[in-house]
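A.B. asks: First the structure, then my questions, so here it is.
In our numbering, the protein residues as written are -7 to 119.
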């Protein structure tokens, strides 16, 4: 949880400080300065999403520090939903193929979190 939180917060900061870099990482072609059409709110959306990622990252780190298991459990179905929505966005052509990595990251994170919670619930074997 802490690793995911730090990565989310870091990517949020990247999006706030260097939005074109974040767009490139996600597989989008950045538009040069002055090249955006009137009414193009891409940077506004990216700023809002980056701020949300920064906040979410901090929430994850704090939950990890507090070892807040209910929070960990709540993230699993919602991260699986995010995986499905982002993957579907690529499959239907709403997002470039590079965006698939974001969906897969969410799905993998959900699977690892769910497996760790199940492992802890069963009781880790004594060494």
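For each residue, glycine too, the CB sits at the ideal point set by N, CA and C.
As the structure is a computational prediction, the values presented were derived from the model and not from experiment.
1) Please classify residue 7: is it buried, with 16 or more other beta-carbons within 10 angstroms of its beta-carbon, or exposed?
2) Taking 9 angstroms as the threshold (C-beta atoms), are residue -2 and residue 53 in contact?
3) When you compare each of 98, 46, 73 and 12 to residue 24 by their alpha carbons, which one comes out closest?
4) Rounding to the nearest angstrom, what Cα-Cα distance links residue 107 and residue 100 in this structure?
5) In whole angstroms, what separates the C-alpha of residue 61 from that of residue 97?
6) My guess is that residue 4 and residue 45 are in contact by the Cβ rule of under 8 angstroms, so how many angstroms apart are they, rounded?
7) Go ahead and pull the three-state DSSP assignment for residue 88.
8) Going by DSSP in three states, residue 23 sits in which element: helix, strand or coil?
9) From residue 71 to residue 102, what distance separates their C-alpha atoms?
10) Here's the rule I'm using: 16 or more other beta-carbon atoms within 10 Å means buried, otherwise exposed. How should residue -4 be labelled?
11) Could you tell me how far apart the beta carbons of residue 14 and residue 35 are, in whole angstroms, since I believe they sit closer than 8 angstroms?
12) Are residue -7 and residue 74 touching if we call contact CB-CB under 9 angstroms?
13) Straight-line CA distance for residue 49 to residue 42?
C.D. replies: Let me spell this out:
1) Label assigned to residue 7: buried.
2) Yes, the Cβ-Cβ distance between residue 53 and residue -2 is below 9 angstroms.
3) For residue 24, the closest C-alpha among the options 98, 46, 73 and 12 is that of 12.
4) Looking at the two C-alpha atoms, the distance is approximately 10 angstroms.
5) When rounded, the distance between both Cα atoms is 21 angstroms.
6) About 3 angstroms separates the two Cβ atoms, so the contact holds.
7) Here residue 88 sits in coil by DSSP.
8) The DSSP-derived three-state label of residue 23 is coil.
9) Taking the straight line from one Cα to the other gives about 6 angstroms.
10) Burial check for residue -4: the Cβ neighbour count within 10 Å reaches 16 or more, so the residue is buried.
11) Not quite, the Cβ-Cβ distance comes to about 11 angstroms (not below 8 angstroms), so this is no contact.
12) No. Outside cutoff.
13) If you take the alpha carbons of residue 49 and residue 42, they lie about 10 angstroms apart.
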